[in-house]
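Peer 1:
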Amino acid sequence: MAEPSEIAVDDGLPCAEVGAWAELKYRLFVLYASLFSKGMKYKWDERVYIDLYAGAGFSRVRGTTKIIAGSPILALTVDDPFDKYIFCEQDPQLLSALRERTARIAPASNVAYIPGDCNSRIDDILAQIPPASREHTVLGLCFVDPFGIGIKFDTLRRLSTRYLDFLCLLAVYMDANRNYARYLSEDSRKVDEFLGSADWRQKWTSVQAQGAYFPKFLAEEFAASMKSLEYIPPPLYTMKEVRSDEKNLRLYYLALFSRDERAYEFWTQVLKYGTDQRSLEF
Ligand SMILES: C[S@@+](CC[C@H](N)C(=O)[O-])C[C@H]1O[C@@H](n2cnc3c(N)ncnc32)[C@H](O)[C@@H]1O
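The sequence shown maps to residues 1 to 282 in our numbering.
1. So for F147, helix, strand or coil by DSSP?
2. On the three-state DSSP scale, how would you describe V172?
3. If you draw a straight line from the C-alpha of S279 to the C-alpha of Y273, how long is it?
4. Assuming I68 and Y26 make a contact with CB atoms under 8 Å, what is their CB distance in whole Å?
5. With DSSP collapsed to three states, give me the class of A22.
6. Among E241, M174, Y163 and I7, which one has its Cα closest to the Cα of R259?
7. Roughly how many angstroms separate the alpha carbons of F266 and L169, rounded to a whole number?
8. Ordered along the chain, which non-local residues of its own chain (more than five positions away) have a Cβ less than 6 Å from that of A198?
9. Whole angstroms is fine: what's the gap from D175's alpha carbon to T268's?
10. If you reduce the DSSP assignment to three classes, tell me which class E89 lands in.
11. Among E89, L98, A2 and R134, which has the Cα closest to the Cα of D45?
12. Is it buried or exposed, Q210, if we count other Cβ atoms within 10 angstroms and call 16 or more buried?
13. Go through its chain and collect everything with a Cβ distance to Y183's Cβ below 7 Å, but skip five positions before and after it.
14. I'd like to know whether the C-beta atoms of V78 and S34 end up nearer to each other than 7 Å.
15. Work out the CA separation of E220 and M226 for me, nearest whole Å.
16. Could you check what DSSP says for L164 in three-state terms: helix, strand or coil?
17. Once the 5 residues before and after L271 are set aside, which same chain residues still bring their CB inside 8 Å of it?
18. Only counting the same chain, and skipping five residues up and downstream in sequence, which positions put a Cβ closer than 6 Å to that of S5?
19. At 4 residues or longer, and completely inside the stretch 7 to 71: list those alpha helix (DSSP H) runs for me, N to C.
20. Under a three-way DSSP split, which group does F82 fall into?
21. What alpha helix (DSSP H) runs, 4 residues minimum, are completely inside the stretch 173 to 223?
22. Would you report the Cα separation of S188 and Y113, rounded to the nearest angstrom?
23. Quick check: is any heavy atom of ligand 1 less than 6 Å from the C-beta of C168?
24. Comparing the CB of D192 with every heavy atom of ligand 1, is any distance shorter than 6 Å?
25. Beta-carbon separation of A103 and S59 under 7 Å?
26. If we count the other Cβ atoms within 10 Å of its Cβ and call it buried at 16 or more, is N248 buried or exposed?
27. Taking the alpha carbon of R101 as the reference point, which residue from D124, A56, C118 and I122 has its own alpha carbon closest?
28. Can you tell me whether Y53 sits near ligand 1, meaning its C-beta is under 6 Å from at least one heavy atom of the ligand?
29. Just mark Q90 as buried or exposed, buried being the case when its beta carbon has 16 or more other beta carbons within 10 Å.
30. Using the three-state DSSP reduction, which class does R250 fall into: helix, strand or coil?
Have a look at this one:
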């Protein structure tokens, strides 16, 4: 299969705009997806890739004519493709563009498309994950790539009933910190839904007095929520902080959640090779 950089061309279909920093996100994402799909190929009978916020498949880098492949296309074109793909996208035009691109680029792939809000379509997403048994093992990688902190923890809790690793973009700077006053107001349920509990308010009141910083607090609380689902909570320093190119503003963390230590070994390699541009030999 051709490289994603050769595949991503202006094909006239809808294409969202992204900041140049998205290229770092995609570099880390594709390294992890490649290591995961290759490393798990002979250990599990079926490997499933789930993209809860799939997008259109291609994006244009803001202020340029450069087209780059997004997470679904990158996942479809890894060297050892997944056995099944599940793509959820709220915007019907973007989902339709993704369907066309997938049909052109990876026509033989087994893909289920779920239109709508991933939080409310969770039953349909779960229904698309092949049933697992002792005789037929199934492992999934779920990419959670929202614009803000709109992912509901309950959605991840439902998915965690299956064998899944999560790679999550935690928009704790570009959303939570910017909307701090709004999310802190007593009638906002946004952070409760993101963390799956309302306990954070009391904790925040106490750690804030000791000088804690809200985005870091949220990322750590999110890891603690994942721990309640038996995921090994990653320390903050293993969450990759991504900044904007123009003003060097902190935007989000890219964080891995797994129940298996080996997944964190892959992630360590990804952080080592993905951020200094050296190539990783698979
Ligand atoms: C940051 S983009 C992700 C793009 C994609 N992962 C990629 O790498 O190109 C977020 C996407 O999620 C979609 N979206 C927003 N809210 C959603 C929701 N609740 N459920 C599913 N998709 C949603 C948006 O339309 C947008 O295409």
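By construction, the Cβ of each residue, glycine as well, lies at the ideal position given by its N, Cα and C atoms.
Peer 2: Let me spell this out:
1. Translated into positions along the sequence shown, residue 147 becomes position 147. DSSP places F147 in coil when its eight states are reduced to three.
2. Here residue 172 refers to the residue found at position 172 of the sequence shown. Of the three classes helix, strand and coil, the one that applies to V172 here is helix, per DSSP.
3. Taking the first residue of the sequence shown as 1, we reach residue 279 at position 279. Taking the first residue of the sequence shown as 1, we reach residue 273 at position 273. Confidence is the limiting factor: at S279 the pLDDT is only 48, short of 50, which leaves the residue's position unreliable and the question unanswerable from this model.
4. Here residue 68 corresponds to residue number 68 of the sequence shown, with the count starting at 1. Here residue 26 corresponds to residue number 26 of the sequence shown, with the count starting at 1. In this structure, I68 and Y26 form a Cβ contact; the two beta carbons are roughly 6 Å apart against a cut-off of 8 Å.
5. Working through the sequence shown from its first residue, we reach residue 22 at position 22. If DSSP states are grouped into helix, strand and coil, A22 belongs with the helices.
6. The residue given as residue 259 occupies position 259 in the sequence shown. Comparing alpha-carbon positions, the option among E241, M174, Y163 and I7 lying closest to R259 turns out to be Y163.
7. The count along the sequence shown starts at 1 and reaches residue 266 at position 266. The count along the sequence shown starts at 1 and reaches residue 169 at position 169. Rounded to the nearest angstrom, the two C-alpha atoms are 17 Å apart.
8. Indexing the sequence shown from 1 puts residue 198 at position 198. Around A198: D192.
9. Your numbering for residue 175 matches position 175 in the sequence shown. Your numbering for residue 268 matches position 268 in the sequence shown. Taking the straight line joining both Cα atoms gives about 26 Å.
10. Translated into positions along the sequence shown, residue 89 becomes position 89. Strand.
11. As a position in the sequence shown, residue 45 is number 45, starting the count at 1. Per the Cα distances, R134.
12. By one-based count along the sequence shown, residue 210 stands at place 210. Around the beta-carbon of Q210, fewer than 16 other beta-carbon atoms lie within 10 Å, marking it exposed.
13. Translated into the one-based positions of the sequence shown, residue 183 becomes position 183. For Y183, where only same-chain residues beyond five positions count, the Cβ hits under 7 Å are A176, K190 and V191.
14. The residue you call residue 78 lines up with position 78 of the sequence shown. The residue you call residue 34 lines up with position 34 of the sequence shown. The answer is yes: Cβ separation under 7 Å.
15. Numbered from 1 along the sequence shown, position 226 holds the residue referred to as residue 226. Numbered from 1 along the sequence shown, position 220 holds the residue referred to as residue 220. Their Cα atoms are separated by approximately 10 Å.
16. Numbered from its first residue, the sequence shown carries residue 164 at position 164. Correct three-state label for L164: strand.
17. Translated into the one-based positions of the sequence shown, residue 271 becomes position 271. Cβ within range, chain order: L28, T238 and K240.
18. Here residue 5 corresponds to residue number 5 of the sequence shown, with the count starting at 1. Excluding sequence neighbours, S5 sits near nothing in its chain.
19. 22 to 39
20. Translated into positions along the sequence shown, residue 82 becomes position 82. Correct three-state label for F82: coil.
21. 180 to 184, 190 to 195 and 200 to 208
22. Working through the sequence shown from its first residue, we reach residue 188 at position 188. Working through the sequence shown from its first residue, we reach residue 113 at position 113. Spanning the two alpha carbons is a distance of roughly 32 Å.
23. Position 168 of the sequence shown holds residue 168. Result no, Cβ not under 6 Å from ligand 1.
24. Taking the first residue of the sequence shown as 1, we reach residue 192 at position 192. The answer is no for D192.
25. Working through the sequence shown from its first residue, we reach residue 103 at position 103. Working through the sequence shown from its first residue, we reach residue 59 at position 59. No. Outside cutoff.
26. Along the sequence shown, read from residue 1 onward, the residue named residue 248 stands at position 248. Exposed, by the Cβ-count rule.
27. Translated into positions along the sequence shown, residue 101 becomes position 101. For R101, the closest alpha carbon among the candidates D124, A56, C118 and I122 is that of A56.
28. Here residue 53 refers to the residue found at position 53 of the sequence shown. For ligand 1, at least one heavy atom lies less than 6 Å from the Cβ of Y53.
29. Counted from its first residue, the sequence shown places residue 90 at position 90. By the C-beta density criterion, Q90 is buried, having at least 16 other C-beta atoms within 10 angstroms.
30. Position 250 of the sequence shown, counting from 1, holds the residue named residue 250. It is a strand residue.
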